[in-house]
Amino acid sequence: MAELKIISMDEVQSKEVNWLWYPYIPYGKITIIQGDPGEGKTTLALRLAALLSKGEALPYDDTEREPVKIIYQTAEDGLEDTIKPRLEAAEADCTQIKVIDESEAALSMLDERIEKAIIEVGARVVILDPIQAYVGANINMNNANEVRNVMAQLGRIAEKYDCAILLVGHMNKGSGNKSSYRGLGSIDFQASA
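If you're matching positions, the sequence shown starts at 1 in full-length UniProt numbering and goes up one per residue.
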């Protein structure tokens, strides 16, 4: 059992959020890009990767930036026939965009290879597309406690390396509800991001 530790708020140092893309995507945190199939979630993620790979301005943000290294994981689209052509069409600097090889073992959010790749590559952005493919085979996506644990561990990695982690998520088939309630799996995906 963990030892009790009390933190007094007068000892906590306030700090400003470091933004990758203000006010949408912060460094050191998890952000979810969520929508219905065919609405362009992957296209948006790839376009962001392309702009960031070259250090170019993002929409509605004229912040000057250096090119950043990106880890882009996809479980839905082929690298050769879909992802690379889309990156090329967006004029990405593909030397800045890396993929963790999953040919021997599927990747999950709890996989230590994510942290190792962030260190080895020097990645400032990690994109997992879609969330559902990277939760892990032993995690029940509808169980709030299991989802919160996975998201908390991924969030600690984002914070530790000041890395923006983007999760691309699908919506469920329900209609009429707020979009935050329509993500597949537990609401804790959205609550944790």
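For each residue, glycine too, the CB sits at the ideal point set by N, CA and C.
Checklist entry - What are the boundary residues of the beta strand (DSSP E) that Gln73 is part of? => result Counted from its first residue, the sequence shown places residue 73 at position 73. If you look at Gln73, you'll find it in the beta strand (DSSP E) that goes Ile70 to Thr74.
Checklist entry - If you draw a straight line from the alpha carbon of Glu56 to that of Lys29, how long is it in whole angstroms? => result Within the sequence shown, the letter at position 56 stands for residue 56. Within the sequence shown, the letter at position 29 stands for residue 29. Their Cα atoms are separated by approximately 21 Å.
Checklist entry - Rounded to the nearest angstrom, how far is the Cβ of Val121 from that of Ile157, given a contact under 8 Å? => result Here residue 121 is taken as the residue at index 121 of the sequence shown, counted from 1. Here residue 157 is taken as the residue at index 157 of the sequence shown, counted from 1. Actually they are not in contact, since the Cβ atoms of Val121 and Ile157 sit about 13 Å apart, beyond 8 Å.
Checklist entry - Taking C-beta to C-beta, are residue 194 and Ala90 nearer than 8 Å? => result This structure leaves residue 194 out entirely; the chain is present only between 1 and 193.
Checklist entry - Would DSSP call Met141 helix, strand or coil? => result The count along the sequence shown starts at 1 and reaches residue 141 at position 141. In the structure shown, Met141 sits in coil (DSSP, three-state: anything other than H, G, I, E or B).
Next on the checklist: Check for me: the alpha helix (DSSP H) holding Val121 runs from which residue to which?
Outcome noted: Translated into positions along the sequence shown, residue 121 becomes position 121. Unbroken alpha helix (DSSP H) run through Val121: Glu112 to Val121.
Item to check | Local Cβ density within 10 Å of Gln13, reported as buried at 16 or more and exposed below that | outcome: On the sequence shown, position 13 is the one that residue 13 refers to. Flag for Gln13 reads exposed.
Next on the checklist: Is the separation between the beta-carbon of Gly136 and that of Ser108 shorter than 8 Å?
Outcome noted: The count along the sequence shown starts at 1 and reaches residue 136 at position 136. The count along the sequence shown starts at 1 and reaches residue 108 at position 108. Between Gly136 and Ser108, the CB-CB gap stays under 8 Å.
Item to check | Residues that DSSP places opposite residue 195 in a beta bridge | outcome: Outside the displayed span of the chain (1 to 193) sits residue 195, for which this structure offers no information.
Next on the checklist: Rounding to the nearest angstrom, what Cα-Cα distance links Asp162 and Glu16 in this structure?
Outcome noted: Translated into positions along the sequence shown, residue 162 becomes position 162. Translated into positions along the sequence shown, residue 16 becomes position 16. Their Cα atoms are separated by approximately 13 Å.
Checklist entry - Based on Cα-Cα distance, which residue from Leu52, Asn143 and Ala152 lies nearest to Ile127? => result What you label residue 127 is simply residue 127 of the sequence shown in a count that begins at 1. Considering only alpha carbons, the answer is Leu52.
Checklist entry - For Ser180, which three-state DSSP category applies? => result For the purposes of this step, residue 180 is identified with residue 180 of the sequence shown, where counting begins at 1. Note that Ser180 scores 48 on pLDDT, short of 50, meaning its location in the model is unreliable and no value can be drawn from it.
Next on the checklist: Taking the alpha-carbon of Pro23 as reference, which of Ala133, Asp62, Gly35 and Thr43 has the nearest alpha-carbon?
Outcome noted: The residue given as residue 23 occupies position 23 in the sequence shown. Nearest of Ala133, Asp62, Gly35 and Thr43 to Pro23, Cα basis: Asp62.
Item to check | Cβ-Cβ separation, Val168 to Asp129 (assumed contact under 8 Å), whole Å | outcome: The residue you call residue 129 lines up with position 129 of the sequence shown. The residue you call residue 168 lines up with position 168 of the sequence shown. The Cβ separation is near 4 Å, so the contact holds.
Item to check | For Lys54, the nearest candidate out of Asp81, Leu44 and Arg65 (CA to CA) | outcome: In the sequence shown, counting from the first residue as 1, residue 54 sits at position 54. The residue with the shortest Cα to Cα distance from Lys54 is Arg65.
Checklist entry - Mapping DSSP to helix, strand and coil, what is Gln13? => result Locating residue 13 in the sequence shown gives position 13, counting from the first residue. In the structure shown, Gln13 sits in coil (DSSP, three-state: anything other than H, G, I, E or B).
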